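Please read the structure below before turning to the comments.
Residue numbers (full-length UniProt numbering): 1 to 296.
Printed below as a string of structure tokens:
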């Protein structure tokens, strides 16, 4: 009786779900070779280079059609001016000066954002402090703080660093804190099970889990820093106290050398593309893509 109850009937055969085994020699090679052009188009850098080349061609064609170099110089004229100022050393010196100030302000803002977000995620008072300060100062344009910077620090690098810190700090802090809040409770409980808490919880659990948001904040902060730096240097350029890219553009504008203005703007764009393509993309490959928290 027990054998009858425990015995399970054999299910009927279903021909639609049965497949005959095939010898691997009959299948052949499953590898599919791609052509040279298809392989090139699979490279992200090549596709983006095509976009840049297309924009340069459109720029050249439109400038020649317009026929007004004073208002809109051609791409070839801009490149000629750019190369001449690079060879003379004028443009590299301006770019290095701007980058030194930019990196100083950017690094200071990241350090302050790290302290504020760590305090915010650790204590209720820190959360309220960050939320209040972000709501107050994040909508405030950095260039609006420039008059105060001039009063407090005078004409010089300190004033520019101050406005850069203001422009970067709130964007990085807000994105980082939002990323911390989006970390799942499962990951936090796993960290507590390993005895993590306080700063160890932040550095070993929260930062890796929230790193996509943190990286997004760093990119936004870098763009804000560039905008603020050029705007501030344009203001300081009146006194000749800052010899950065903003001062270079200001001088070209005063001399009605529109190709020089475009050369300065093109330098800012090229530096931005290099930082995006080398620095931030390398960080992405080594972190979020390697960890599987971000696709392509």
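Glycine included, C-beta positions come from ideal geometry on N, C-alpha and C.
Only a predicted model underlies this, so the values are computations on that prediction, with no experimental measurement involved.
| query | result |
| --- | --- |
| To the nearest angstrom, how far is it from the Cα of residue 106 to the Cα of residue 125? | 26 Å |
| Do the CB positions of residue 205 and residue 188 come within less than 8 Å of each other? | yes |
| Are the beta-carbon atoms of residue 265 and residue 249 separated by less than 8 Å? | yes |
| Once DSSP output is grouped into helix, strand and coil, what is the label at residue 70? | coil |
| Whole angstroms is fine: what's the gap from residue 116's alpha carbon to residue 109's? | 10 Å |
| What residue does the alpha helix (DSSP H) around residue 162 start on, and which one ends it? | 157-181 |
| Which of the three DSSP states is assigned to residue 287 in this structure? | coil |
| If we ignore side chains and look at the alpha-carbon of each, how far apart do residue 285 and residue 244 end up? | 32 Å |
| Distance check for residue 166 and residue 326, CA to CA, integer angstroms please. | Outside the modelled stretch of the chain, which goes from 1 to 296, sits residue 326, for which no answer is possible. |
| Where does residue 270 land, buried or exposed, given buried means 16+ other C-beta within 10 angstroms? | exposed |
| Restricting to Cα atoms, I'd like to know which of 161, 95, 230, 185 is closest to residue 201. | 185 |
| With distances taken between CB atoms, is the gap from residue 246 to residue 257 smaller than 8 Å? | no |
| For residue 164, count neighbouring Cβ atoms within 10 angstroms of its own Cβ and tell me buried if that reaches 16, exposed if not. | buried |
| Within a Cβ cutoff of 7 Å, which residues of the same chain sit near residue 57, ignoring the five residues on either side of it in sequence? | none |
| Figure out for me which residue from 70, 50, 142 has the closest Cα to the Cα of residue 324. | This structure cannot speak to residue 324, because the chain is shown only from 1 to 296. |
| Go to residue 302, then tell me how far its alpha helix (DSSP H) extends in each direction, as first and last residue. | Nothing about residue 302 can be read from this structure; the chain reaches only from 1 to 296. |
| From residue 86 to residue 98, what distance separates their C-alpha atoms? | 15 Å |
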